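Okay, structure first, notes after.
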Amino acid sequence: MLNLSAQLNTYLVIGAMLFGFGVCGLIRRPTLIGMLIAAELVLCGASINFMAFNHFLAPDPTVGQIMTLFIMAIAAAEAAIAMSILVCIYRDYKSIELENLEELSG
Amino acid sequence: MLFAPELVLLLGSLLLFFLSLGESDGKGARNVTILLGLAGFVLSIITLFQEGSLFMGAYRIDLFSQLFKVLIAVGMTCVVIFDGEMKGISARMRPEYYLFLTLSCMGLMLLVSSVELITMFVALELSSYSLYLMVPMRDDTGGIRFQMEAAIKYILFGIIATGAMLYGMSYLFGLTGSTHLEVVVPKIIELSASSPAAILGIALFMFGFFYKLAVFPFHFWVPDVYEGAANSTTAFIASVPKLGAVAILIRLVVMVGPTGGDALVNLLIVLALCSMFYGNLSALVQTDVKRMLGFSGISHAGYVLLGLLTLKDSGFATSIYYIAGYLVMNLACFLVICKVSKNGENVSIDDLSGLHQRAPLLALTLGVGMFALAGIPPFVGFMGKFMLLTGAYKAGHLTLVILAALNTAIAIYYYLSVVRIAFCNDPDERPSVSVDPMTKLVSVFLMVVIIAMGVAPAKVLELATTAVRSIL
Chain R
0 MLNLSAQLNT YLVIGAMLFG FGVCGLIRRP TLIGMLIAAE LVLCGASINF
50 MAFNHFLAPD PTVGQIMTLF IMAIAAAEAA IAMSILVCIY RDYKSIELEN
100 LEELSG
Chain P
0 MLFAPELVLL LGSLLLFFLS LGESDGKGAR NVTILLGLAG FVLSIITLFQ
50 EGSLFMGAYR IDLFSQLFKV LIAVGMTCVV IFDGEMKGIS ARMRPEYYLF
100 LTLSCMGLML LVSSVELITM FVALELSSYS LYLMVPMRDD TGGIRFQMEA
150 AIKYILFGII ATGAMLYGMS YLFGLTGSTH LEVVVPKIIE LSASSPAAIL
200 GIALFMFGFF YKLAVFPFHF WVPDVYEGAA NSTTAFIASV PKLGAVAILI
250 RLVVMVGPTG GDALVNLLIV LALCSMFYGN LSALVQTDVK RMLGFSGISH
300 AGYVLLGLLT LKDSGFATSI YYIAGYLVMN LACFLVICKV SKNGENVSID
350 DLSGLHQRAP LLALTLGVGM FALAGIPPFV GFMGKFMLLT GAYKAGHLTL
400 VILAALNTAI AIYYYLSVVR IAFCNDPDER PSVSVDPMTK LVSVFLMVVI
450 IAMGVAPAKV LELATTAVRS IL
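Heads up: the protein sequence lines correspond to chains R and P, in order. Residues 0 to 105 (numbering that gives the first Met the number 0) make up the first sequence, in order. Residues 0 to 471 (numbering that gives the first Met the number 0) make up the second sequence, in order.
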């Protein structure tokens, strides 16, 4: 086999793809929940990068893992905040579609 | 003792948390927050010239960090004092609102001191998440619902900015194998001349802070959040978090070294020019004062970048001077907005008509703030812009300086038209505005600082230069 799983580049490409999917999804998704999921993908891309660099390059292989754990914890907090705002939006607008949310035109 | 300002805010936020559990209208919480702000200010002043490092080198106390902590504490205290009645926030939410305000300030204080990537990330998120929660807390009894829309836009784009920042961090970590800036910076300075990955890493890392500073093209949240959030929340978001962003951007720009990094300088030039033109041209057509100040904030972020892109310690010092000035000028304008707004609604420029008869002190504060933002001597805005432009000129960016000077001229139009409406129009049945003594004190303080920093900038600049040298 190509032995892809033992190469740093494989993981960096996966990380970059997740990052790209996330940014693309945030722009293209029509609902707020979809946008939130896409935003999580961006954080996943960064986490995979950290783990990959940590495994292949870092002199001290705990730092990257700790960073990834912190990213997961912070992402959970952020999802909770975003969901609570979404609940408020649904209560006020009766919709989470992006096209119904256009009172502000920034 | 070194950790005292943060420790006081941490204990204070615990106290506020307990206050928020009971039923109260927020008066007690407000007094606690004012005391915390003042305590943070005094303790930062006491520790101003102390140095030390905490938490296994992840946290550094030096003149640079303490200077920013003083400014953050000033901003926090002023915002809490001048919006005493909290007209925009419903009574049952006020204790929580003060809790998040304090937490946000603590996050920023941690941020300016952190010299390690994980610490930096956690501190930044602590301050950002508190802000995300403060935006939707605006009172919705009057049928206002767009604060929710503003909040979701703010948090979603904020996550992307954080993601980009983490992605950049991961490259810096991969290239250097460490998260401590003292290890990362020298290695990246070596690599930045040859490795595109290093430049990409620094640039992506900066995106997270460009978002906080509202630099074009990371500005799209600004007009919506400024309009959607309550007046006092906007006053806070518009001024205090920008201090943290500038502090970290300076720490990052140091990474490219005094010579390398043409790509990064070019990036900063393009971003600075786009921010100035976009901000100023959009501000010309606004009718809502908060939106106008939002767009003007984007252009001011562009000016701050002028100091960073010189890659010299004098340039960084001018950026600190400018952002400190921007803090007081902006607070002066928002003080007037908070007071003129009767029930916490947004203020249009016409609502300021005849302010010189309705509230002379407020009109004077507005005049001083707007003149300072426009960059007219003898106020701090003029000295800041003047030194930023001379600094960029000496670094050889002539075209940039000409275009920036052109922007100053565009900006004068919309700032001065606000002043004209406040001073030359008749009030037309608009009621007079009552101002409590504490707010009067704050507005006099802000005016004195704006003028003092503009007339005698040498002392402040000297302090900022010493501060910058302490991190190089």
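All C-beta atoms, glycine included, are put in the ideal place defined by N, C-alpha and C. Remember, predicted model here, so these are calculated numbers, not experimental data.
- Secondary-structure assignment with DSSP links L53(P) through a beta bridge to Y58(P).
- Near chain R, meaning a CB-to-CB distance below 7 Å, the residues of the stretch 178-194 of chain P are T178.
- Here the alpha carbons of M291(P) and C423(P) stand approximately 20 Å from one another.
- Counting only runs of at least 3 residues, the stretch 156-203 of chain P fully encloses no beta strand (DSSP E) element at all.
- A distance below 7 Å between beta-carbons, with the five flanking residues on each side excluded, links Y392(P) to the following residues of its chain, in chain order: V400.
- Less than 9 Å separates the beta-carbon of V214(P) from that of G301(P).
- Inter-residue distance for C77(P) and L330(P) is about 8 Å (C-alpha atoms, whole angstroms).
- At a Cβ-Cβ threshold of 9 Å, G293(P) and Y210(P) do not count as neighbours.
- Between F385(P) and V379(P), the alpha-carbon positions lie close to 10 Å from each other.
- Here E115(P) carries a strand assignment [DSSP, helix/strand/coil].
- In the displayed model, E98(R) falls within a helix according to three-state DSSP.
- Contact between A455(P) and S298(P) is ruled out by a C-beta separation of about 26 Å, above the 8 Å threshold.
- Nearest to P426(P) by C-alpha distance, out of N345(P), L354(P), V367(P), is L354(P).
- Within its own chain, the residues whose Cβ lies closer than 7 Å to the Cβ of T175(P), once the five positions on either side in sequence are excluded, are V182, V183, K186, I187, listed in chain order.
- When DSSP reads this structure, S64(P) sits in no beta bridge, so it has no partner.
- M66(R) has a beta carbon lying within less than 9 Å of a beta carbon in chain P.
- Between T232(P) and M133(P) a beta carbon distance of about 5 Å is seen, short of the 8 Å cut, so the two are scored as contacting.
- Inter-residue distance for K93(R) and L100(R) is about 10 Å (C-alpha atoms, whole angstroms).
- Using a Cβ-Cβ cut-off of 7 Å, M147(P) is close to I84, C87, I88, D91 of chain R, given in chain order.
- Here D287(P) is bridged, per DSSP, to S347(P).
- Counting of Cβ neighbours within 10 angstroms places M0(P) among the exposed residues, the total staying below 16.
- I88(P) sits in a strand when the DSSP states are folded into three classes.
- A straight-line Cα-Cα distance of about 25 Å links Y277(P) and L97(R).
- Under a criterion of Cβ atoms nearer than 9 Å, the residues of chain P adjacent to F18(R) are, in order, G162, A163, Y166.
- For a cut-off of 8 Å, the C-beta gap from F40(P) to L334(P) is around 18 Å, too long to register as a contact.
- Residue range 436-454 is occupied by the alpha helix (DSSP H) that includes P436(P).
- In terms of beta-carbon proximity, L280(P) stays away from the interface with chain R, with every pair separated by 9 Å or more.
- Using a CB distance below 8 Å, the part of the stretch 117-130 of chain P facing chain R consists of I117, F120, V121, E124, Y128, ordered along the chain.
- R144(P) has a beta carbon lying within less than 9 Å of a beta carbon in chain R.
- By the neighbour-count definition (other C-beta atoms within 10 Å, threshold 16), I32(R) is an exposed residue.
- When the Cα atoms are used, V239(P) and H218(P) turn out to be separated by approximately 16 Å.
- Rounded to the nearest whole angstrom, the CA to CA distance from L11(R) to V114(P) is 26 Å.
- Closest by C-alpha distance to G87(P), out of D138(P), K439(P), Q65(P), Y414(P), is D138(P).
- Spatial neighbours of T101(P) in its own chain (CB-CB distance under 7 Å, excluding positions within 5 residues in sequence) are listed in chain order as L8, G11, S12, L15, T32, L35.
- In the three-state reduction of the DSSP assignment, R137(P) falls in the strand class.
- Between the stretch 55-62 of chain P and the stretch 115-122 of chain P, the count of Cβ pairs shorter than 8 Å is three or higher; the stretches touch.
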